[in-house]
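Asker: Just so we're aligned: the sequence shown equals residues -15 to 244 in my numbering. Beta carbons: idealized from backbone N, C-alpha and C, even for Gly.
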Amino acid sequence: MGGDRKPVESWLTDMDGVLVHEGQPVPGAPEFINRLRSSGKPFLILTNNSIYTPRDLHARLSRMGFEVPESAIWTAALATAQFLSDQRPGGTAYVIGEAGLTTAMHAVGYILSDYDPDYVVLGETRTYSFEAITKAVRLINDGAKFICTNPDPTGPSVEGALPAAGSVAAMISKATGVDPYFVGKPNPMMMRSALNTIEAHSETTAMIGDRMDTDVLCGLEAGLHTILVLSGISDEVEADRYPYRPSRVVNSVADLIDEI
């Protein structure tokens, strides 16, 4: 990964822990994104969270001082809907999730149904229903294919960790004996779809993330230049425990402003 690397022309950045931390902007992050916008370089903000639509996230980021168009936001919900549309156009799915996921599924022409669906699609939700999980288990037992937006076992909140889609997927897998196909990070599928969306090439694209096990792994496997920031989950000691390394480690995206 030495000096023969091509210069970075496109940027992918995770949101939680990189741009936003515990509901507040990371110092320097709005300036980083605003510099990216003014540079004209293609970029996307990525999130494994499938709860929100790009419009919701655009509004949330705007309130914190980020100037981001909706089209610059790429979620695991969008990646999942695109994956299913490519695999089986116009199919049917039983969806457990919030507006981010149901909106994305409708947008690709999927019919949401609990009658003999092609897929059970599990995303994040704020209120998991035991009834919905039971229905998912029975549909998978009857032959529906099991898809999950992202494998994260927990997610951040101001009060502390929340169980996330990966934990609920584990419960459904335990009940059915069927493992889901995860579309979000660290599946490189999420990166590939993001690169395709901005027509970028892996060898000239950087991925910025705060997690070794999702962001850095995913970027590495997709052939990107990877930058670990220490403003979120991973610290340098924890990062050293992994059998792979990021291309670079910086304290936060504020350190990258002058490179755009």
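For the alpha helix (DSSP H) that contains A65, what are its first and last residues?
Answerer: Working through the sequence shown from its first residue, we reach residue 65 at position 81. Residues 60 to 71.
Asker: Helix or strand or just coil, what does DSSP make of P147?
Answerer: Counting from 1 along the sequence shown, the entry for residue 147 is found at position 163. Looking at P147 - three-state DSSP - the assignment turns out to be strand.
Asker: Between which residues of its own chain and V142 is the CB-CB distance below 7 Å, once the five residues before and five after are set aside?
Answerer: For the purposes of this step, residue 142 is taken as residue 158 along the sequence shown, with counting starting at 1. Result list for V142: E6, G7, in chain order.
Asker: Comparing C-alpha positions only, which one of L240, S231, S34, Y228 sits nearest to C132?
Answerer: Taking the first residue of the sequence shown as position 1, residue 132 is located at position 148. For C132, the nearest C-alpha among the options comes from S34.
Asker: Where G193 and I217 are concerned, what is the direct C-alpha to C-alpha distance, given to the nearest angstrom?
Answerer: In the sequence shown, the residue the question calls residue 193 occupies position 209. In the sequence shown, the residue the question calls residue 217 occupies position 233. Distance between the alpha carbons of G193 and I217: 9 Å.
Asker: Between the alpha carbons of M48 and V167, how many angstroms are there, rounded?
Answerer: Residue mapping note: residue 48 aligns to position 64 of the sequence shown, counting from 1. Residue mapping note: residue 167 aligns to position 183 of the sequence shown, counting from 1. Looking at the two C-alpha atoms, the distance is approximately 29 Å.
Asker: Which partner residues does A77 have in the DSSP bridge list?
Answerer: The sequence position of residue 77 within the sequence shown is 93, counting from 1. DSSP output for A77 lists L96, Y103 as bridge partner(s).
Asker: On a CA-only basis, which of A145, L28, T189, G74 is nearest P101? Give me that one, please.
Answerer: Within the sequence shown, numbered from 1, the residue matching residue 101 stands at position 117. For the residues A145, L28, T189, G74, the minimum Cα distance to P101 belongs to G74.
Asker: Any heavy atom of the ligand SAM inside 7 Å of the beta-carbon of K169?
Answerer: The ligand SAM is not part of this structure, which contains no ligands at all.
Asker: Using three-state DSSP, classify A223 as helix, strand or coil.
Answerer: Here residue 223 refers to the residue found at position 239 of the sequence shown. Note: A223 maps to helix in three-state DSSP.
Asker: Look at the alpha carbon of M(-15) and the alpha carbon of A190, and state the distance between them as a whole number of angstroms.
Answerer: Locating residue -15 in the sequence shown gives position 1, counting from the first residue. Locating residue 190 in the sequence shown gives position 206, counting from the first residue. Reliability fails at M(-15), whose pLDDT of 48 lies under 50, so the model's placement of it is uncertain and the value that follows must be treated cautiously. One C-alpha to the other measures close to 13 Å.
Asker: Looking at the structure shown, is M(-15) part of a helix, part of a strand, or coil, going by DSSP?
Answerer: Stepping through the sequence shown from its first residue, residue -15 is reached at position 1. With a pLDDT of only 48 at M(-15), under 50, the local geometry of the prediction cannot be trusted, and no value is derived from it.
Asker: Just to confirm my understanding: we take E222, look at its own chain, exclude 5 residues before and 5 after, and list those with CB closer than 8 Å. What are they?
Answerer: The residue given as residue 222 occupies position 238 in the sequence shown. These residues qualify, in order along the chain: M196.
Asker: Any chance you could list the beta strand (DSSP E) runs of at least 3 consecutive residues sitting entirely within the segment 100 to 140, in chain order?
Answerer: For the segment 100 to 140, whole beta strand (DSSP E) runs of length 3 or above, ordered along the chain, are 103 to 106, 129 to 132.
Asker: Could you check how far apart the C-beta atoms of D98 and L123 are, in whole angstroms? I think they sit under 8 Å.
Answerer: As a position in the sequence shown, residue 98 is number 114, starting the count at 1. As a position in the sequence shown, residue 123 is number 139, starting the count at 1. At roughly 7 Å, the Cβ-Cβ gap stays under 8 Å, so D98 and L123 are in contact.
Asker: Pairing CB atoms from the segment 199 to 211 with CB atoms from the segment 169 to 184, are three or more of them under 8 Å?
Answerer: Yes, since at least three Cβ pairs between the segment 199 to 211 and the segment 169 to 184 fall closer than 8 Å, the two stretches touch.
Asker: Please give me, in chain order, every unbroken run of the alpha helix (DSSP H) with length at least 4 that falls completely inside the segment 194 to 223.
Answerer: With a minimum length of 4 residues, the continuous alpha helix (DSSP H) runs that stay inside the segment 194 to 223 are 201 to 205, 220 to 223.
Asker: Measuring straight from C-alpha to C-alpha, what distance separates S22 and A238?
Answerer: Counting from 1 along the sequence shown, the entry for residue 22 is found at position 38. Counting from 1 along the sequence shown, the entry for residue 238 is found at position 254. Cα to Cα, S22 sits roughly 16 Å from A238.
Asker: Could you say which of P9, I17, Y103 lies nearest to A128 if we only look at CA atoms?
Answerer: As a first step, residue 128 is located in the sequence shown; it is residue number 144 there, counting from the start. Among P9, I17, Y103, the Cα nearest to that of A128 belongs to Y103.
Asker: Going by beta carbon distance, what residues of the same chain come within less than 6 Å of P14, once the five residues before and after it are set aside?
Answerer: Along the sequence shown, one-based indexing puts residue 14 at 30. Once the five neighbours on either side are set aside, the close Cβ partners of P14 are G49, F50.
Asker: Classify I156 as helix, strand or coil using the three-state DSSP reduction.
Answerer: Translated into positions along the sequence shown, residue 156 becomes position 172. Helix.
Asker: With a cut-off of 8 Å, does the C-beta of L85 fall near any C-beta of chain C?
Answerer: The displayed structure is made up of one protein chain only, and chain C is not part of it.
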